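Working notes, structure below.
Residue numbers (this note's numbering): 221 to 627.
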């Protein structure tokens with residue numbers, strides 16, 4: 221099974237997306253967006269606010285509560301050259317919540333813009349916070365291909381690294397919008413339920429929900445749970461290899477409460493994932509459970525899901541309930557109320573979904589791993605769905621319209 225999936229040619233997942241079909245800005249009201257409704261092969265056009273009437277009654281809806289951070293920092297050398305440092309992933313400490321609380325120094329894996337102008341030396345930036353100047357310094361310590369380990373230090377321990385990013389950082393919007401970040405993006409490029417800082421790109425399927433719509437779903441009887449997957453810049457990484465077997469999936473941090481896992485176990489068969497990030501988190505849980513069934517004493521860090529793990533027959537031997545039970549037992553043994561690890565899972569045609577029964581998602585880029593995920597979920601029907609969306613003036617990508625997929 222793994223061999224067959226690895227030989228999938230990415231050119232088979234291409235389509236023509238004119239630039240004018242990419243939504244450069246969101247609608248003034250989030251839930252006024254169009255909704256493509258796909259159910260058992262049939263397609264129709266709805267409005268997103270109709271979603272309570274379209275979802276199977278009693279569904280458990282799973283939202284990604286990750287919050288986009290203002291991850292771009294712009295430094296200037298004495299020569300005037302602008303150096304942009306884009307914080308991707310915490311290194312020291314290697315924990316999102318801890319790194320934002322640091323008051324003296326921390327290190328991140330970063331992308332660096334205009335790198336050729338920063339061969340060596342320290343970059344400095346003066347940040348004004350509450351009428352106080354804070355001097356932030358950056359030193360390049362190591363390089364790993366396109367990314368670099370950057371150590372940040374600052375001279376005022378009254379402020380955390382989170383304070384510095386909030387004061388001086390720029391919110392990173394997707395490169396395909398071909399525009400600079402604007403003040404309005406600080407609100408519109410966050411879901412209304414975002415809470416846990418860490419993403420460098422929004423889980424965009426959730427951008428359509430308003431507080432009023434969430435209240436309506438609650439009062440209609442839908443159950444809501446949250447997971448955390450911090451979206452990395454790799455979400456925009458195109459598949460450049462001819463076959464997906466040569467594509468390296470990026471690592472993403474995931475965190476799920478014990479109570480959420482218990483609810484997933486109790487409501488198997490009724491799970492609706494809001495966004496592909498929620499899908500990746502939920503499906504990763506199954507393979508974590510399988511790993512624990514054979515190696516119950518691993519650390520959470522060692523439970524990280526390998527890219528190709530789902531495609532090995534021996535990793536599909538448990539029922540969904542059995543896999544989730546393994547995680548619950550593990551959390552009980554370790555006295556933990558939350559599973560925190562990472563995933564590199566790739567979901568592509570040939571993948572068998574273990575937990576997710578329905579997906580709410582936007583329309584994705586050609587030749588992307590997200591399009592492969594959609595194709596796997598709708599058993600190859602992605603072309604029919606995308607042709608319908610293009611023919612019916614749906615808006616594409618992050619600020620675009622949405623779909624509800626119920627195979």
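Where is the CB? At the ideal position from N, CA and C, for every residue including glycine. Bear in mind that the values here come from a model prediction, so they are computed numbers and not experimental data.
At least 8 angstroms separates the beta-carbon of residue 258 from that of residue 576.
For residue 487, the CB contacts under 6 angstroms within the same chain, skipping 5 residues up- and downstream, are 280 in chain order. Take residue 412, set aside five residues on each side of it, and the residues of its chain with a beta-carbon closer than 7 angstroms to its own are 429, 430, 431, in chain order. Contact check between the segment 400-409 and the segment 322-329: fewer than three CB pairs, one atom from each, fall below 8 angstroms, which does not count as touching. A residue is called buried once 16 or more other Cβ atoms fall within 10 Å of its Cβ, and residue 236, having fewer, is exposed. The segment 522-587 is shown to contain whole alpha helix (DSSP H) runs of 4 or more residues at 540-554, in chain order.
DSSP lists no beta-bridge partner residue for residue 515. One Cα belongs to residue 447, the other to residue 419, and the distance between them is close to 13 angstroms.
In the structure shown, the three-state DSSP call for residue 401 is coil. The three-state secondary structure of residue 344, taken from DSSP, is strand.
The continuous alpha helix (DSSP H) containing residue 439 extends over residues 431-439. The three-state reading of DSSP puts residue 228 in coil, since its state is none of H, G, I, E or B.
Put simply, of 263, 425, 491, 587 the residue whose alpha carbon is nearest the alpha carbon of residue 573 is 491.
Per DSSP, the unbroken beta strand (DSSP E) holding residue 265 starts and ends at 262-267. The residue among 359, 302, 350 with its C-alpha nearest the C-alpha of residue 333 is 302. In this structure, residue 305 sits away from residue 326, with a CB-CB distance that is not shorter than 8 angstroms.
Under the DSSP assignment, residue 483 falls in the alpha helix (DSSP H) whose first and last residues are 478-486.
Beta-bridge annotation (DSSP): residue 259 is paired with 262, 626.
Taking a C-beta distance under 8 angstroms as the contact criterion, residue 373 and residue 449 do not qualify as a contact pair.
For residue 242, no alpha helix (DSSP H) encloses it, and the DSSP letter there is neither H nor E. The three-state secondary structure of residue 248, taken from DSSP, is coil. Assignment of residue 616 by DSSP, reduced to helix, strand and coil, places it in the strand class. With a 10 Å radius around the Cβ and a threshold of 16 neighbouring Cβ atoms, residue 298 comes out exposed. Taking a cut-off of 8 angstroms for Cβ pairs, the segment 593-607 and the segment 510-518 do not touch, as fewer than three such pairs fall below it. Annotation: the continuous beta strand (DSSP E) that includes residue 364 extends over 352-364. Nearest neighbour of residue 231 by Cα position, chosen from 620, 617, 585, turns out to be 585. If you check the CB distance, residue 511 and residue 451 do not come in under 8 angstroms.
Check the Cα spacing between residue 529 and each of 392, 626, 571, 627: the tightest is with 571. In the three-state DSSP reduction, residue 454 falls in the helix class (H, G or I). Counting other Cβ atoms within 10 Å of its Cβ, residue 621 reaches 16 or more and is therefore classed as buried. Residue nearest to residue 225 within the set 567, 623, 587 is 567 (criterion: CA-CA distance). Boundaries for residue 427: no alpha helix (DSSP H) harbours it, and the DSSP string shows neither H nor E there.
Here the alpha carbons of residue 263 and residue 346 stand approximately 54 angstroms from one another.
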